[in-house]
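Just so you know, the sequences run in chain order U and L.
Each residue of the first sequence is one higher than the last, beginning at 1 in full-length UniProt numbering.
Each residue of the second sequence is one higher than the last, beginning at 1 in full-length UniProt numbering.
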Amino acid sequence: MAQIELKDVGLSYFTLKQETEALRDINLSIKHGEFISIVGPSGCGKSTLLSLVSGMLKPTKGKVLIDGQEVSGTSPKVGYMLQHDHLFEWRDVLNNLLVGAEIRRMDRGKAKQKALELLERYGLGEFARHGPSQLSGGMRQRVALIRTLVAEPDILLLDEPFSALDYQTRLTLSEEVFHIIKDQGKTAVLVTHDLSEAISMADRVMVMSKRPSTISTVHTILFEEGDNLSPWKKREAGRYNHFFNAIWKELEEHVIPTV
Amino acid sequence: MSSPLYDDYLRIQKRRLRIVSLTRLSVLILFLALWELAAEWRWIDPMLTSKPSQLWTSFRELAFEGSLFKHTWISGLETLVGIVISMLLGTAIAVLFWWSTFASKVLEPYIVVLNALPKVALGPIFYIWLGDRYSIYGMAVAISVIVTIIMVESGFREISKTKLKLMGSFGATRFQMLRMVLLPASVPHFIATLKVNVGLTLVGVVMGEFLSSKAGLGYLIIYGGQVFQMNLVMVSIMMLALLSVILYGIVNLLARYARKKYNHES
């Protein structure tokens with residue numbers, strides 16, 4: 001059974017001046033442990049889609065289901081990772097990691113143990129008592145990911161988590177985050193502008209059209225070199241360019257012509 | 001190891017700092033000397049202007065008599081209580097505005113009008129409602145609370161929406177957002193507000209004492225003016241200056257402590 005399911009989902013924004021139809025007829029089904037990337041022209045409602053899955057927004061039409069149950073409000077099954085780490089500068093790294101657990105009133109001792117374990121595992125063990133300002137951008141984003149993991153979600157929603165980083169950090173971090181997510185056996189939905197990131201991390205890439213957006217195509221990313229390739233290996237794989245060009249071309253058609 | 005060039009740089013910077021402090025001090029000494037001599041040589045009338053040596057004598061008289069420090073203490077205490085009340089009240093109202101967009105929309109024009117209104121005009125009302133003692137607190141709070149509301153509220157607005165979105169993604173309640181993000185993130189704004197409030201509340205206290213009181217520096221100043229004792233007026237003003245320096249110092253200490261505790265980069 002699918003873990004995340006969207007059935008004929010539509011969403012409209014209302015302002016005093018106008019009504020904007022952001023999403024229309026979205027049908028989507030994601031299996032447990034799958035990694036999905038979503039790409040599309042800017043402003044097409046990719047992030048809105050994540051907000052729908054997280055339960056922070058309610059669809060105006062259709063249904064969002066997680067494990068067969070309709071989403072109503074935020075669920076502890078879902079973890080969100082944003083473009084900026086938003087670590088609280090008045091808390092040290094360890095206490096930042098406990099934010100989610102604190103909000104959900106989870107067992108503090110257990111959460112602390114898990115946080116320390118994950119820090120150690122992903123190479124940040126010595127920074128538990130440091131302030132966030134003492135960490136580099138890449139380290140901060142890794143802490144943000146661990147913060148999400150401490151709250152023990154089954155599903156991770158990643159909203160352009162690497163776009164605020166420099167190119168080099170971005171490549172290394174996307175590699176690391178990919179391994180962390182696979183290692184933890186989480187389902188992941190990644191929204192990104194970066195095609196190479198989308199292709200190299202995901203099992204399937206979904207392309208969205210311009211507003212009112214819908215999912216126009218789904219590319220299943222399979223390589224002759226084998227399954228379970230790391231993002232780095234995928235970038236070097238034979239069909240990588242084929243996928244890149246196909247998605248690129250498709251996106252070009254969706255961009256509103258400027259001439 | 002520092003290079004000789006860097007040593008030179010440090011020496012020059014240190015010398016500059018020293019020159020500034022020395023000049024500062026000389027300005028004060030020069031001013032006092034000029035005042036004293038001008039009064040001595042009758043360029044100015046010491047009946048109207050008093051003079052530093054006389055101020056010193058009356059300061060000692062007033063101090064030994066014991067009442068000067070009592071009056072200073074009273075004004076200081078009133079200021080402290082006023083600051084605490086308007087910080088708590090102002091923050092509470094700012095929180096209400098954040099909590100309820102409806103309340104903030106409804107009350108916004110009233111805040112604007114109250115902010116522009118000269119609070120001194122409310123003096124007689126406070127006197128009639130609160131009596132001669134508590135009307136001083138009324139005046140002190142009236143002058144500083146509106147600014148507190150405005151400053152704290154604008155601090156809340158500066159906190160990024162996505163920080164709250166992050167909290168929302170964990171399913172945080174509004175109260176949790178307040179406790180875990182808004183209040184700790186606003187610490188620098190609280191400190192800035194406190195600094196403004198020290199000055200404003202002191203104005204309120206002195207104004208309140210002018211209008212109605214039996215003690216405090218404002219009372220001494222008014223009394224001194226009425227009996228034409230310039231010495232008393234000026235000594236009280238100096239004590240007022242001293243009081244504001246002390247209060248400002250306390251706020252700075254508090255700021256340093258808060259910055260350490262909350263790790264905000266200054």
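Every residue, glycine too, gets a C-beta built ideally from N, C-alpha and C.
The structure presented is a predicted model; accordingly, all values stated were derived computationally and were not measured.
Within the region 64-147 of chain L, complete alpha helix (DSSP H) segments of at least 4 residues are found at 67-99 and 101-116, given in chain order. Within the same chain, and ignoring the five residues on either side of Arg60(L) in sequence, no residue has its Cβ closer than 6 Å to its Cβ.
Chain-ordered, the chain U residues with CB closer than 8 Å to the CB of Tyr262(L) read Glu89 and Trp90. Between Leu232(L) and Ile221(L), the C-beta gap is smaller than 9 Å, which places the two residues in contact. Per DSSP, the unbroken beta strand (DSSP E) holding Phe35(U) starts and ends at Phe35 to Val39. Between Gly100(U) and Gly73(U), the C-beta gap is not smaller than 9 Å, which leaves the two residues out of contact. When Cβ-Cβ separations below 9 Å define contact, Val181(L) makes contact with chain U. Bridge pairing for Ile4(U): Ile30(U) and Ile66(U) [DSSP]. Nearest to Ile237(L) by C-alpha distance, out of Ser58(L), Val147(L) and Ser154(L), is Ser58(L).
Within 9 Å of the CB of Ala115(U), no CB atom of chain L is found; the nearest one sits about 14 Å away. Taking C-beta atoms as the reference points, Leu243(L) and Thr101(L) fail to come closer than 9 Å.
Counting along the chain, His189(L) sits inside no beta strand (DSSP E); it lies in the alpha helix (DSSP H) bounded by residues Val187 to Leu211. Val39(U) places its beta carbon less than 9 Å from that of Val205(U). Approximately 6 Å separates the beta-carbon atoms of Pro153(U) and Lys77(U); this is inside 8 Å, confirming the contact.
In the structure shown, Glu36(L) adopts helical secondary structure according to DSSP, grouped into three states. DSSP lists Ser12(U) as the beta-bridge partner residues of Glu21(U). Secondary structure at Met230(L): helix, using DSSP grouped into helix, strand and coil. Taking a beta-carbon distance threshold of 9 Å, Ser54(U) counts as an interface residue toward chain L. Listed along the chain, the chain U residues whose CB falls inside 7 Å of the CB of Thr91(L) amount to none; the nearest CB is some 17 Å away. The secondary-structure analysis by DSSP pairs Tyr80(U) across a beta bridge with Leu157(U).
Closer than 9 Å to the CB of Arg129(U) there is not a single CB belonging to chain L.
Going by C-alpha positions, Pro41(U) is about 25 Å away from Lys163(L).
By the CB criterion at 9 Å, Ile215(U) and Ile26(U) fall inside the cutoff. Scanning Asp92(U), His32(U) and Leu50(U) for the CA closest to the CA of Ala144(U) turns up Asp92(U).
In chain L, no part has a C-beta under 7 Å from the C-beta of Ile146(U); the shortest such distance is about 14 Å. Neighbours of Val150(U) in chain L, taken as residues whose beta carbon is under 8 Å from its own, are absent, since the nearest beta carbon is some 10 Å off.
With respect to chain U, the C-beta atom of Lys105(L) has no partner C-beta closer than 9 Å. Annotated three-state conformation of Met167(L) is helix, per DSSP. Around Val189(U), no beta-carbon contact reaches into chain L at under 8 Å, the shortest distance being about 13 Å. Straight through space, the alpha carbons of His130(U) and Gly137(U) are spaced by roughly 14 Å. Met234(L) is a Cβ neighbour of Leu55(L), given a cutoff of 9 Å.
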